[in-house]
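Peer 1: Numbering (the working numbering), first residue to last: -4 to 966.
Below is one structure. I have some questions about it.
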């Protein structure tokens, strides 16, 4: 029986536990029904036992759910509640670990939808009010099923608007405190969050205003989330020593439940920065600190960073950083800090727009948070933290290197703190410096959303530790970063191995980014950073054989950097000055380094020389347009006579300064050679020019010079042409004399000659090719021939001599003059004949034969018209035949090659190569093949091809004039 007092009590707020007798007509016998579930002790924890229990429990849930739906269809509310309670009793089990329990929970959750729909139908039809249903379900005997039914009916009360939403939400949240079992309580609150997520009095919600404020909505979700975190942490405390690892793994499997709660908190509409900083963040940070659980601290911190907008984090950097530095020992402060910085870097533009105080606040918060904790955290972790700050500064303030420099200086002060860091700390600092110029990774993967789903992030792939591993790459210009004072300050605190690593990274970055090192000061500063790769420093360890591959790779990177030196300089003179500064620094690298570094220096010098030649030609062309008559002669003479005069001046200057040890050998004309030679090979670049004019100078230091040295001076130009050439050869502003550049190139090549003669020889040939139209060419080729004797290996002697012969042939006598060309060709022939292996000697002598019968060829510089020496050509062929005959055993392939040369020169019209010589050589080749004791298939094939060629030429002799001479060659 109801009374007036009972009616008044019914009008009040819902009570946590209604009295035993209410307005219900009976004591609700359905509420006393017990489930058939037997509450047994904790069962086996094996996966098979867990799966078996879930399967049996799910069957019982389906059975009671079917009976509940039958009662619902019959309109029997009491029976429906009775079977619902029996179904919910399955969630009271102690047999399941968190993940299998979650599976059972989802099965029950899906069945409660039918009961909720029935409650809604009952209330809308007027049979029972929403409030009556809400109080009615609270008569269940067991707490857990009763609370599940209460949370199922509670949303109906909110939707009916008979009670304010905030009061109903608060009542349900407080009632859920009745379940303190970690697993059951966690999923009960998860159920509460799922059922009330759309009923909060947030902005834009129909329940906002009368149903409460945004603060009410936030406090409800926050309180529920905090309780869920506590229950989740208590799961670990309930485990014994042997099962702690297993329980941690089980907690990780259901972490999305916690992530969903924090994500819902971040997505409440109307949450402001003030509300976040004053209520939400302090509560979460307090819970993180009080939990004392490494797993909870790391995961909740990650969810907090990913769920809330970046602008909120920027406004609360100080407490956020302080909390990150105050976690328990099992959590990596480095990972938390880099996670913060990586998150705020996703909206670096917003950070930069808020002013420079963001970076200042970040540095201040970091310094205060790490104060006194550096030893516990470790130098490596501190360096990684500052590496992430560098990445943030580079993203938020692109192009502002001053801010990056401030971070680097702060890092040096914090990491070392007046003491030397250990090896790990120094390694981390070295990695930090390298990250300054390393390219940023995953820029396109950064989130642009202000509230990323923490549940998705939690259940997803990458953890905070994984994401922070690659944080901090700034992607700055390598040259500008290397010039920062902060970089130099950090390098000064590192050991040799760490400095070497930084230098190797910088060299690779400079070459990859194609930086332009345009001033001497920039070059000096960068080379100081690269110093561990350029010289043997005092603290460098002794090299080992295992370091050879790494050493070669590092030096190749340094060689790539050389091509950046001088680039971007305004004038050629500036480029030359920068390259010379680098050349001076490379000179301290000892022989095992200069073979890598000096070769690209020569290439850069030749580039400067070529640019100067092009500039002179362009200037001469411009002058010719202004004054056609005299300037035409100047244009013709500027690249020839002007350069030759420079070469002569260079030789005279060097002689007057006594820079050389003696004069070189005299010029050789055909078979005649000079009788005397100088005592030193250093002066061989000037033999042709000064042999007749200053022959006595060579005798001062190298002995008397015999014979007559031929002059290779070019004919004097006409007076008008000479005047024009003089005007054209006047140095332009910012230019550098060609002889100065080439002299430096010559000295650089000579520096390699003692330890690496083969490399020096190749460089001299390169210089000769670059100066083929001037008399400098002769100097470089002479040096190459001198170095040929110093090449140790037979195979290298062959390849170097063939390269020299090819270069002489390519250059031709146009620049060096006929006599200089003849001298070099004769000297090459002598070297070829002296090769140790007869096969190599035959090959090289045959190549020399082409020097004496030069004809224009496609892609090869034309010889001066008329330079054809038939007697010398035949001498080379005869010498090759003698060498082949002297070989033991004889190589039939060599005789076939000699025959091919006879056929070649006969076809070119060499008068000393007669038809009978060709026929005789065919006979000799056949005899040598028949006498051979080895496989001659290749030689026979080659001989057959030559004979076919001869026959073809004879057939064409009657109809084609070019083949007329072949008519006399009768096989």
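For glycine and all other residues, C-beta sits at the position ideal for the given N, C-alpha and C.
Nothing here was measured: the structure is a model prediction, and the numbers come from that model.
Can you tell me where the alpha helix (DSSP H) holding residue 614 begins and where it ends?
Peer 2: 586 to 621
Peer 1: By the three-class DSSP mapping on this structure, what secondary structure does residue 960 have?
Peer 2: helix
Peer 1: Where do the ends of the alpha helix (DSSP H) carrying residue 304 lie?
Peer 2: For residue 304, there is no enclosing alpha helix (DSSP H), since its DSSP letter is neither H nor E.
Peer 1: Taking 8 Å as the cut-off, does the stretch 272 to 281 touch the stretch 186 to 205 (at least 3 CB pairs, one atom from each stretch)?
Peer 2: no
Peer 1: In three-state DSSP terms, what is residue 883?
Peer 2: Per DSSP, reduced to three states, the secondary structure at residue 883 is coil, with no helix or strand assignment.
Peer 1: Can you tell me which of 143, 134, 102 and 64 puts its alpha carbon nearest to the alpha carbon of residue 112?
Peer 2: 64
Peer 1: Kindly indicate which three-state DSSP category residue 61 falls into: helix, strand or coil?
Peer 2: helix
Peer 1: Using the beta-carbon count (16 or more within 10 Å), is residue 196 buried or exposed?
Peer 2: Buried, by the Cβ-count rule.
Peer 1: Can you check DSSP and say which residues form a bridge with residue 512?
Peer 2: Partner(s): 560.
Peer 1: Taking the alpha-carbon of residue 967 as reference, which of 126, 72 and 360 has the nearest alpha-carbon?
Peer 2: Here the chain has residues from -4 to 966 only, and residue 967 is not among them.
Peer 1: Note down the Cα distance separating residue 607 from residue 731, rounded to an integer number of angstroms.
Peer 2: 7 Å
Peer 1: Got a sec, what are the start and stop residues for the alpha helix (DSSP H) residue 825 sits in?
Peer 2: Per DSSP, the unbroken alpha helix (DSSP H) holding residue 825 starts and ends at 813 to 828.
Peer 1: Using a 10 Å radius around the Cβ and a threshold of 16 neighbouring Cβ atoms, would you call residue 883 buried or exposed?
Peer 2: exposed
Peer 1: Can you grab the Cα-Cα spacing for the pair residue 169 / residue 384, in whole Å?
Peer 2: 43 Å
Peer 1: DSSP state of residue 405, grouped into three classes?
Peer 2: In this structure, residue 405 counts as helix in the three-state DSSP scheme.
Peer 1: Return the CA-CA distance between residue 886 and residue 843, expressed in angstroms with no decimal places.
Peer 2: 20 Å
Peer 1: Could you compute how far the alpha carbon of residue 793 sits from the alpha carbon of residue 962?
Peer 2: 37 Å
Peer 1: Alpha carbons only, please: which of 224, 804, 424 and 879 is nearest the one belonging to residue 849?
Peer 2: If we check each option's Cα against that of residue 849, 804 comes out closest.
Peer 1: Looking at the structure shown, is residue 863 part of a helix, part of a strand, or coil, going by DSSP?
Peer 2: strand
Peer 1: Between residue 223 and residue 198, what straight-line distance do the alpha-carbon atoms span, to the nearest angstrom?
Peer 2: 25 Å
Peer 1: Between which residues of its own chain and residue 321 is the CB-CB distance below 7 Å, once the five residues before and five after are set aside?
Peer 2: 284
Peer 1: Select from 98, 102 and 498 the residue whose C-alpha is nearest the C-alpha of residue 58.
Peer 2: 102
Peer 1: Can you find the residues in the same chain that come closer than 6 Å, C-beta to C-beta, to residue 562, ignoring five residues on each side of it along the sequence?
Peer 2: 511
Peer 1: Can you check which of these residues, 201, 334, 589 and 508, is closest to residue 752 by C-alpha distance?
Peer 2: 589
Peer 1: When burial is assigned at 16 or more other CB atoms within 10 Å of the CB, is residue 201 buried or exposed?
Peer 2: exposed
Peer 1: With a cut-off of 8 Å on the beta carbons, I'd call residue 217 and residue 174 a contact; round off their distance for me.
Peer 2: The pair is not a contact, with the Cβ atoms about 19 Å apart (cut-off 8 Å).
Peer 1: Pick from 529, 147 and 571: whose alpha carbon is nearest that of residue 582?
Peer 2: 529
Peer 1: Reducing DSSP to helix, strand and coil, say where residue 204 ends up.
Peer 2: Assignment of residue 204 by DSSP, reduced to helix, strand and coil, places it in the strand class.
Peer 1: Determine the closest residue to residue 106 out of 830, 773, 124 and 85, with distance taken between C-alpha atoms.
Peer 2: 85
Peer 1: In the DSSP assignment, find the unbroken alpha helix (DSSP H) run with residue 432 in it and report its ends.
Peer 2: 418 to 432
Peer 1: Taking 8 Å as the cut-off, does the stretch 830 to 842 touch the stretch 775 to 789 (at least 3 CB pairs, one atom from each stretch)?
Peer 2: yes
Peer 1: Figure out for me which residue from 328, 228 and 826 has the closest Cα to the Cα of residue 780.
Peer 2: 826
Peer 1: Determine the burial state of residue 778: buried for a count of at least 16 other Cβ atoms within 10 Å of its Cβ, exposed for fewer.
Peer 2: buried
Peer 1: In chain order, what residues of the same chain lie with their CB nearer than 7 Å to the CB of residue 580, ignoring the 5 residues before and after it?
Peer 2: 522 and 529
Peer 1: Taking 8 Å as the limit between beta carbons, can you name the residues of its chain near residue 907, skipping five residues before and five after?
Peer 2: 865, 866, 868 and 869
Peer 1: Give the straight-line distance between the Cα atoms of residue 339 and residue 480, rounded to the nearest whole angstrom.
Peer 2: Computed Cα separation, rounded: 27 Å.
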